[in-house]
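Numbering (my numbering), first residue to last: 7 to 1013.
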């Protein structure tokens, strides 16, 4: 069994319709058996055993999802759609018994050369029963009884081997009896406790693996020799440990292939996977040699024979792992099975890929419509004459960069000019020079920047002249239509079929919340004549006159008149194509690309090394790495996470809080990994409680956020997340009331109401110190007081630093809408900086060593601030559109100096809370980010020798590329079923439809 081949199979099996795949395999196998009528000969048995190999591969993958868990209820909801139901697994096992009788009837002796295939069926039963045990769900007693009875009847051979007799008569009956029993949970818990360190869960990550100590393996091998109840426990644990190492190797192959495509073979992530792969290989070598050595000594012991057969039949090496005579003999006997494994896996990969394409092609109307669409657009690109382009016409400055070019990739992608220019600059210098002249037609040899498979393109055509269409659309949206020309019936049916099919079969990952959704297929549109009345012009040709002949052509009609194509190209430049809404296929401002979120959210990481960008309730978070050096574009990555609520980053890690059903989840990603390094369900009373503030420490160790009147702090360990205890578990506001100066009231009822109002938390701001040793909390209560606490993070249980709690009264004009914008702690001066957006007296800077509070009156209101790596310098943006650098004094005050160029040409509307983010990655460098008229502006300000240098970069092209970019492999983030609080009826209706993930292949072939 080749690990790279199994990895290729796993990549194709990462689907939610796995039960359908299994049923199709069984259905095809039934037909093959019915047609073949096996006679016990090698030529007829081996092809029919192929499906058994496939089923065992699926069972082994299911074991990987469930390893390290007590039962299926502990499985992360991400992976539940990828698990087979217990009924499906059980019915498959029953079918395997029928296959056994069809291929190897009991009344007929088995050829010794084919005995390995009979053993394979028994081993597949073992894998399937292990899946049921790992799921931990009950099965009716009569069903288990019938299965055991049928299994014993299927193996009533006189020539049964020692291994088969042990499996059928001893081990499997014990395992079947355990399924769903009351003893199963205790047994599973015992098994997990003994091998927890060596059975990582799939969600936590399959590697790096830590080899089980020899003492544990020796104990398990000793337990196999016994015939008591411990034998089954030892057998299952050893079986899982061996498979955990194999699954780690398989996952390494998957990740290495993906990372090499995205980042190259020499990237740090690829090297990290290589190290894990080498480690897993060493662990596997050590384990297999230990087990095979035991088998070599006790070769008559049936359990050891099972493990030896499993190891030697699923090893793709050219020689056995252990060189002894008995091992070499067994290795030779299993040579045929190993070859069959390789062939079956290769056929399985091809079968799965073909199935994906067939699922996409199954709708004949959709396939025909797609064929015509691609055929016409491709011929339009290749056959249209450039003679219509007037070279003497004045060319707008930057026209090629703002235009959109359609390229001849299989999907005929419209590529923004800026993106195409960048691709040409890096890969085709000659075409890049031609591109600067804003040509209508362009020849090149590059890969399409929008195709996931990196398809080559040779031609491109500018479609900027069609921006006239947008004018017609907007004019027509306010005018009245007089009629509706009808499209041909075939075209209408094809269009409707395409829309309905896409709504049912397109994966959730392709429905981006940032793209407006068309609720239903649009019926034929009003004529262009109405649009002409709006602008006082008479069009020379209507949309129906142009497109009806094109759409009504048969897919088999290959005879296109070249002159007609040229005429069509000329007519397209003048035609107004009206729709029923103001949204056009080709936007006037084509350079803007994908639509930005209506409520953008963004923040810098704690170190300032990256920027996170998302939308309120969006299904993704984008990460832009900023430390790539001057003149280099930021490295970008997108995490597909439905229901995003808040996000924060430290240095190398990113933490995201997302809504899942009626609860929240905390997910932690490392660098640009698509799968969370760790995750945790956040227990809340109601999901409607908002997450208002979230921060992460610079060392990536801690993440904290506010949840109503609580402060939650979590420690990120190796693939786990643990909650940090604050003091004696006190993380609520009741601990703060004794420090405020309460007034007196006359009535008891009024007094109780006022006390409740004063203790209400208006808002909180959190931050970790630059050295990661302290955690500061600023709380604004309804009593118009602010409370600041500094916690010590160096101990297992955090406590407030002695004499590090302050409270002070806020200005009388302070509103209860939440006006604090930040809080920071300077460890070297034991000082706190509190910024707010409500009064002239702020920011406040005070030392924890005395009671003196300093108001720095250089600002009206503070929008945002950031702290330098030393912790003693701050950059502050205020409501007067100024940015200042502040150095902390030993007394707690600030020495300020205004940065003259930092706020140059920044819109005053940016200087509001939530509209501007600052970062201080180095003592001499600060960053600013804001959204401006469709641009995502990143400004870098360097301060050296009293000289400021400013450089701006627009992240919008990177954003557009990430929006349209598809993941290369199946990713579980895009498969999660989420119901966001912001979702509307249409999204809920679409989410309720059974979705089939779209294959990561080019669009339907035009041939």
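For each residue, glycine too, the CB sits at the ideal point set by N, CA and C. Quantities reported herein were computed from a predicted structural model and do not represent experimental measurements.
Residues near residue i in its chain [Cβ-Cβ closer than 6 angstroms; skip 5 each side]
i           : result
residue 55  : 123
residue 62  : 130, 133
residue 180 : 238
residue 469 : 410, 412
residue 889 : 883, 905, 908, 909
residue 145 : 185, 186
residue 169 : 308, 311, 312
residue 182 : 150, 154
residue 328 : 295, 298
residue 522 : Any answer about residue 522 is weak, because its pLDDT of 33 lies below 50 and its placement is not dependable; what the coordinates show is given next. The answer is none, since no qualifying residue turns up.
residue 350 : 56, 59
residue 343 : 122, 319
Same chain, Cβ closer than 7 angstroms to residue i, neighbours up to 5 away in sequence not counted
i           : result
residue 434 : 450, 451, 452
residue 300 : 227, 310
residue 195 : 76
residue 608 : 617, 618, 619, 923, 935
Same chain, Cβ closer than 8 angstroms to residue i, neighbours up to 5 away in sequence not counted
i           : result
residue 688 : 663, 669, 670, 671, 672, 713, 718
residue 276 : 262, 265, 266, 269, 270
residue 73  : 140, 205, 206, 207, 208, 246, 249, 250, 253
residue 358 : 15, 18, 19, 27
Closer than 7 angstroms: residue i CB and nearest the ligand MN heavy atom
i           : result
residue 701 : Of the ligands one can find in the structure shown there are none, so the ligand MN has no counterpart to examine.
Residue i, DSSP secondary structure in three states
i            : result
residue 271  : coil
residue 423  : helix
residue 461  : coil
residue 711  : strand
residue 236  : helix
residue 1014 : Nothing about residue 1014 can be read from this structure; the chain reaches only from 7 to 1013.
residue 784  : strand
residue 278  : helix
residue 9    : helix
residue 688  : strand
residue 625  : coil
residue 311  : helix
residue 651  : strand
residue 219  : coil
residue 242  : helix
residue 2    : What is shown of the chain runs 7 to 1013, which leaves residue 2 out entirely.
residue 261  : helix
residue 607  : strand
residue 896  : coil
residue 798  : strand
residue 213  : coil
residue 868  : strand
residue 656  : coil
residue 290  : helix
Any chain B beta carbon closer than 8 angstroms to residue i
i           : result
residue 444 : The structure shown contains no chain B; it is built from a single protein chain.
Nearest-angstrom beta carbon gap, residue j and residue i [assumed within contact, 8 angstroms]
i           : j           : result
residue 771 : residue 799 : Not really, about 17 angstroms apart at Cβ, beyond 8 angstroms.
residue 456 : residue 970 : 6 angstroms
residue 441 : residue 427 : 6 angstroms
residue 837 : residue 704 : Not confirmed; about 18 angstroms, so no contact.
residue 729 : residue 683 : So it is not a contact: roughly 17 angstroms between Cβ atoms.
residue 960 : residue 932 : Incorrect: roughly 19 angstroms between the Cβ atoms, too far for contact.
residue 877 : residue 834 : 6 angstroms
Which residues DSSP lists as bridging residue i, in chain order
i           : result
residue 642 : 630
residue 873 : 880
residue 682 : In the DSSP output, where bridge partners are listed per residue, residue 682 has none listed.
residue 890 : 882, 904
ask   = Using 8 angstroms as the threshold, is the region 159-174 in touch with the region 203-214, meaning 3 or more CB pairs across them?
value = Not touching, per the Cβ criterion.
query = How about the region 658-674 and the region 702-712: do they share at least three Cβ pairs that are nearer than 8 angstroms?
reply = Output reads yes: the region 702-712 touches the region 658-674.
Three CB pairs or more closer than 8 angstroms across the region 241-251 and the region 222-233 = Short answer: they touch.
query = Between the region 934-941 and the region 909-926, do at least 3 Cβ pairs fall closer than 8 angstroms?
reply = At 8 angstroms Cβ cutoff, the stretches touch.
request  = Report yes or no: do the region 625-633 and the region 641-656 share at least 3 C-beta pairs separated by less than 8 angstroms?
outcome  = A contact exists between the region 625-633 and the region 641-656.
request  = Count the CB pairs spanning the region 31-47 and the region 272-291 that are closer than 8 angstroms, and state whether there are at least three.
outcome  = Counting Cβ pairs under 8 angstroms, fewer than three are found: no touch.
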